[in-house]
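**Q**
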Amino acid sequence: MKGLIFALISSVSIWAQSTPDVFEIARKGTENQAKEALLQNKNCFNLVNSEGFTPLILACYKGNIPVAKCIIASGVAINYNSPMGSALMAATVKGNLELVNLLLTHQADPNLADDQGNTALIYAAMFQNVEIVKLLLSHGAHRDAKDEKGQTAFEHAVKTGNEQLIQLLKH
C-alpha cells in the first residue's frame, strides 16, 4: 500500500513539475512555450488565477505580443472581464496600441467596464493616449459611459488639460 501511495504521489509531483505555468508564460514566456502549453491542454488559456486574471489579461498587461497572439488564436473568451478589467483595458492602460488594435480586430468589446465603472476609453483618456482614444472611438466605444464617480472619458480628458483629447471626446 505504501508503495502505491508513493508511486501516486511521485507521478503527481512529476506531472506538476512538467506542466507549464500558463500565467508565467503569459507574463514573460515565448510563443513556443505558449504553443507547447496548448498541446498539453487545449483549454489552459481559459484558466483564471487567484487574482481573477486570465493569461490573456496578463499577456496584454505585460505587453507580451507573441504570446497574446497565440492565446487569441486558441479561441479564448476575449471579453473575459476580471474585477479589475479586461485584456483590452490592460493593453490600454499600458499604452500598447498594437495590442489594442489586435484585440479590437478580434471583437474585443470596447464598452466593457471594470468594477469601478472604467471602460477602455476612460482609461485611454486618463493616460492621455490620443491614438488609443481614436482607435477605440472608431470601434464603437461609447463617449457617454460613466465611471463609478459619474465621470465620462471627456471629463477625465478635461482634468488632464490635453486639448487634443478634449476635442476628440467632445459630444
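Following our numbering, the numbering of the sequence shown begins with 29 at its first residue and continues without gaps.
For every residue, glycine included, the Cβ atom is placed at its ideal position computed from N, Cα and C.
With Q179 as the anchor, note down where its alpha helix (DSSP H) starts and where it stops.
**A** Here Q179 belongs to no alpha helix (DSSP H), and DSSP marks it neither H nor E.
**Q** Starting from T133, trace the alpha helix (DSSP H) in both directions and tell me its first and last residue.
**A** 125-133
**Q** Among the residues of its own chain, which have a CB less than 8 Å from the CB of Y200, if the five just before and after it don't count?
**A** Past the edges of the chain, shown from 29 to 199, lies residue 200, and the structure says nothing about it.
**Q** With DSSP as the reference, label S166 as helix, strand or coil.
**A** helix
**Q** Hey, would you say L197 sits closer than 8 Å to A173, going by beta carbons?
**A** no
**Q** Roughly how many whole angstroms lie between the Cα atoms of Y89 and A153?
**A** 17 Å
**Q** For the putative contact between M117 and D142, defined by C-beta atoms under 8 Å, what is the C-beta separation to the nearest angstrom?
**A** 6 Å
**Q** Which value, in whole angstroms, describes the spacing of the CA atoms of P111 and Q156?
**A** A direct Cα-to-Cα measurement between P111 and Q156 gives close to 23 Å.
**Q** Residues in the same chain with beta-carbon distance under 7 Å from V50, minus the five sequence neighbours each way, listed in chain order, please.
**A** Excluding sequence neighbours, V50 sits near A65, C72, F73, L75, P83.
**Q** Since G57 and V95 should fall inside the 8 Å C-beta cutoff, what is the C-beta to C-beta distance between them, to a whole number of angstroms?
**A** 6 Å
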